[in-house]
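Just so you know, we're using the working numbering here: the sequence shown kicks off at 148 and counts up by one. Where is the CB? At the ideal position from N, CA and C, for every residue including glycine. Small disclaimer: the values here were computed from a predicted structure and weren't measured. Notes follow the structure.
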Amino acid sequence: MKIKTDRDLMLLLIDAVAPLFGIPPDQIKRRSRFRPEVDARHTIFSYLHEVKGWGPTRTLRAFPVSFDHSTIIHGVNISARICDVDSDYKERRRQAFLAMDLVFNVTRCEPTPPIERIYLTTNEAQNERR
Numbered sequence: 148m149k150i151k152t153d154r155d156l157m158l159l160l161i162d163a164v165a166p167l168f169g170i171p172p173d174q175i176k177r178r179s180r181f182r183p184e185v186d187a188r189h190t191i192f193s194y195l196h197e198v199k200g201w202g203p204t205r206t207l208r209a210f211p212v213s214f215d216h217s218t219i220i221h222g223v224n225i226s227a228r229i230c231d232v233d234s235d236y237k238e239r240r241r242q243a244f245l246a247m248d249l250v251f252n253v254t255r256c257e258p259t260p261p262i263e264r265i266y267l268t269t270n271e272a273q274n275e276r277r
């Protein structure tokens with residue numbers, strides 16, 4: 148698949164993350180409140196925001212379902228908060244970040260930060276800045 152747009156890249160990221168959450172990729176692409184689908188979407192939003200520096204507007208344009216900017220921001224915040232209390236979610240999120248990093252490196256050849264920085268939670272990032 149030739150990557151021409153952010154939407155093409157988003158579809159590859161969805162395909163990479165879906166198996167880690169035990170759902171088909173098509174389920175991530177729809178509006179749903181089913182927990183695994185929401186977690187997968189929030190993880191993608193977090194990766195693009197925290198690791199790649201995408202803003203909500205760019206993420207919204209790339210995602211195949213129409214959401215509001217506040218949905219993206221909420222997803223990033225919730226994902227970080229869940230990592231603070233749920234080690235299983237944190238590990239799944241770390242694995243998803245690695246999978247998405249691989250997709251990014253293969254398709255765009257963009258440099259990424261060191262792997263230990265990828266899955267920092269909100270509290271860990273704040274402590275690191277001090």
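CA-to-CA, the gap between GLN174 and GLU184 works out to about 6 Å. By the Cβ neighbour-count rule, HIS189 is buried, with 16 or more other Cβ atoms within 10 Å of its own. With fewer than 16 neighbouring CB atoms inside 10 Å of its own CB, PRO211 falls in the exposed class. The three-state reading of DSSP puts THR190 in helix, counting H, G and I together. For the 8 Å CB-CB criterion, SER193 and GLY222 form a contact. Here LEU195 is near THR206, since their CB atoms are less than 8 Å apart. Annotation for ILE219: PHE192, PRO203, THR206, LEU207 place their beta carbon closer than 7 Å to its own, counting only its chain and skipping 5 residues before and after. In the DSSP annotation of this structure, the continuous segment of the alpha helix (DSSP H) that includes LEU249 starts and ends at 234-254. Taking the C-beta atoms as reference points, VAL250 is found nearer than 8 Å to ALA163. For a cut-off of 8 Å, the C-beta gap from MET157 to ALA209 is around 4 Å, short enough to register as a contact.
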